[in-house]
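So the protein lines, in turn, are chains A and B. Under the working numbering, the residue at position 68 of the first sequence is numbered 125, and the numbers go up by one with no gaps. Under the working numbering, the residue at position 34 of the second sequence is numbered 91, and the numbers go up by one with no gaps. Think of the CB as a built atom: it goes at the ideal place given N, C-alpha and C, for glycine as much as any other residue. A short write-up of the structure that comes next.
2 protein chains.
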Amino acid sequence: MNEVTGAPGTSRPGGRTARVREAVLRAAGDAFADKGIGGVDLGEVARRAGVGKTTVYRRWGTVPGLVADMLAEMAESSLPRARTGDLDADLAALASLILATLTDARQGPLFKAVIAAAASDAQTAAALHRFYRVRIDEWSPCVDEAVARGDLPAGTDADEVIRALSAPLYYRFLVSGDPLDEAAAARAAAATAAAARAGAYT
Amino acid sequence: MNEVTGAPGTSRPGGRTARVREAVLRAAGDAFADKGIGGVDLGEVARRAGVGKTTVYRRWGTVPGLVADMLAEMAESSLPRARTGDLDADLAALASLILATLTDARQGPLFKAVIAAAASDAQTAAALHRFYRVRIDEWSPCVDEAVARGDLPAGTDADEVIRALSAPLYYRFLVSGDPLDEAAAARAAAATAAAARAGAYT
Chain A
58 MNEVTGAPGT SRPGGRTARV REAVLRAAGD AFADKGIGGV DLGEVARRAG
108 VGKTTVYRRW GTVPGLVADM LAEMAESSLP RARTGDLDAD LAALASLILA
158 TLTDARQGPL FKAVIAAAAS DAQTAAALHR FYRVRIDEWS PCVDEAVARG
208 DLPAGTDADE VIRALSAPLY YRFLVSGDPL DEAAAARAAA ATAAAARAGA
258 YT
Chain B
58 MNEVTGAPGT SRPGGRTARV REAVLRAAGD AFADKGIGGV DLGEVARRAG
108 VGKTTVYRRW GTVPGLVADM LAEMAESSLP RARTGDLDAD LAALASLILA
158 TLTDARQGPL FKAVIAAAAS DAQTAAALHR FYRVRIDEWS PCVDEAVARG
208 DLPAGTDADE VIRALSAPLY YRFLVSGDPL DEAAAARAAA ATAAAARAGA
258 YT
């Protein structure tokens with residue numbers, strides 16, 4: 058039964074379908090964070106979510122299908138961008154948000170698992186790229202506003218600035234293993250702002 | 058028999074042990090690039106290398122042990138840094154080298170496989186971090202020389218500059234899926250030089 062309309066089996070937000078999706082995506086995220094994506098099957102996700110196995114197979118089909126829906130849900134529900142009116146403060150806020158995500162006890166291993174799976178699965182890679190596309194679209198107006206204020210050169214590529222800010226944090230997280238801390242986040246923001254002001258992203 | 062000393066079974070360069078190592082590491086790299094690291098076992102590597110399985114098990118023990126030795130060998134044999142006497146040219150050379158590696162038909166999938174495996178295996182992660190440590194130690198003198206020439210502020214952290222240059226290329230490769238091309242490499246070098254000159258890495 059749907060709480061709002063009383064109709065059974067509808068898919069509107071708050072309905073049974075939405076509750077099943079929420080439970081399954083949460084269980085999937087927990088399982089992927091624990092064991093990596095290769096170590097999980099849909100049966101385990103159904104068990105963890107307390108949902109029938111056939112429901113999960115029918116709706117998501119495969120583990121990459123489930124990962125793609127999880128990333129879509131994460132993109133839909135992620136925090137809105139900063140609007141401080143100041144480029145340095147906006148970039149510092151984004152760097153802090155990325156840092157908080159990558160160092161979170163659940164989100165960190167989950168992102169690591171998804172990115173690792175994307176290395177060998179095209180469907181997961183496409184879903185991951187869509188996720189970052191949504192994040193870039195959310196944050197790039199911070200850069201466009203700085204251009205409009207005259208704080209950055211005309212023609213600055215806002216998407217490139219957002220990627221440039223993100224890159225050093227992901228590099229530490231995935232590749233070099235160097236500390237991922239407030240100093241690294243502050244440096245990523247400051248370096249990106251300096252390079253952008255120097256016209257490196259026009 | 059060793060070609061130089063005539064002694065059997067020695068491990069000096071050019072000897073039988075070195076030839077076995079070379080064959081096994083090459084076969085392992087090919088297999089990992091083809092199938093990802095999770096899809097390969099030591100028996101397959103031995104078969105591909107034309108070497109006895111017990112030799113491979115005795116010397117490398119496990120797949121992560123073999124990956125670690127492969128990375129050590131790659132670090133030993135990788136190209137020396139640029140010495141152009143100009144920071145922009147040195148950084149452009151490093152960006153081109155990273156681009157060539159990540160877009161190479163064999164090296165690209167191999168790095169992707171190793172980085173993915175490092176997400177869930179501590180021994181592989183440690184070996185990967187040692188590999189980048191060696192690369193940073195090789196290239197950071199380019200930055201120190203620019204400081205000595207007065208082209209960068211005193212106190213510039215050379216390691217951070219090398220990481221900052223690498224990060225946007227790895228970010229595209231692993232995370233965002235944006236094009237990995239000469240323009241991206243040139244932009245990574247130019248942005249890093251601009252941020253470094255502005256004092257972002259002091």
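Tell me whether residue i is buried or exposed, calling it buried when 16 or more other Cβ atoms sit within 10 Å of its Cβ.
i	result
A:E239	exposed
A:R192	buried
B:R244	buried
A:G118	exposed
B:L136	exposed
B:A152	buried
A:R212	Sequence check: residue 212 of chain A is Gly here, not Arg. It is exposed - the Cβ of A:G212 has fewer than 16 other Cβ atoms within 10 Å.
B:D201	exposed
B:S134	exposed
A:P225	buried
A:R76	exposed
B:A157	exposed
A:P236	exposed
A:T111	exposed
B:G93	buried
A:D161	exposed
B:R140	exposed
A:T62	Note that A:T62 has pLDDT 40, beneath the 50 cutoff, so the model's placement of it is unreliable and the number below is only indicative. Exposed, because fewer than 16 other Cβ atoms sit within 10 Å of the Cβ of A:T62.
A:G207	exposed
A:A203	buried
At least one CB of chain A closer than 8 Å to the CB of residue i: is that the case?
i	result
B:V232	yes
B:S223	yes
B:Y114	no
B:A170	yes
B:A176	yes
B:A255	yes
B:G71	no
B:G86	no
B:G93	yes
B:A173	yes
Assuming residue i contacts residue j under a Cβ cut-off of 8 Å, what Cβ separation, rounded to an integer in Å, is found between them?
i	j	result
A:A84	A:R105	4 Å
A:R220	B:Y227	Rounded, the Cβ-Cβ distance is 12 Å, inconsistent with contact.
A:E217	A:Y258	4 Å
B:P89	B:L167	One point to set straight first is that residue 89 of chain B is Phe, not Pro, in the sequence displayed. Rounded, the Cβ-Cβ distance is 6 Å, consistent with contact.
B:L209	B:L144	7 Å
A:L185	A:L123	That pair is no contact at about 14 Å.
B:A173	A:A176	4 Å
A:G107	A:A146	Incorrect: roughly 43 Å between the Cβ atoms, too far for contact.
B:A251	A:A255	4 Å
Under a CB-based cut-off of 8 Å, is residue i close to chain B?
i	result
A:R220	yes
A:A149	no
A:R244	yes
A:D238	no
A:D235	yes
A:A132	no
A:A251	yes
A:V61	Reliability of the predicted coordinates at A:V61 is poor, the pLDDT of 40 falling under 50, and the value obtained from them is presented with this limitation in mind. By this cut-off, A:V61 is not an interface position.
A:A182	yes
A:A90	no
A:A248	yes
A:T67	In this prediction, A:T67 scores a pLDDT of 47, lower than 50, which makes its location untrustworthy; the coordinate-derived value is nonetheless stated afterwards. Taking Cβ atoms only, chain B never reaches closer than 8 Å to A:T67, which makes this a no.
Output the boundary residues of the alpha helix (DSSP H) element that contains residue i.
i	result
B:V200	A179 to A205
A:I219	A215 to Y228
A:G71	It is not in any alpha helix (DSSP H) - A:G71 carries neither H nor E in the DSSP assignment.
B:D145	L144 to T160
A:G122	V120 to S134
B:I94	That residue, B:I94, is in no alpha helix (DSSP H); it is neither H nor E in DSSP.
B:Y114	K110 to W117
A:R254	E239 to R254
B:L167	Q164 to A175
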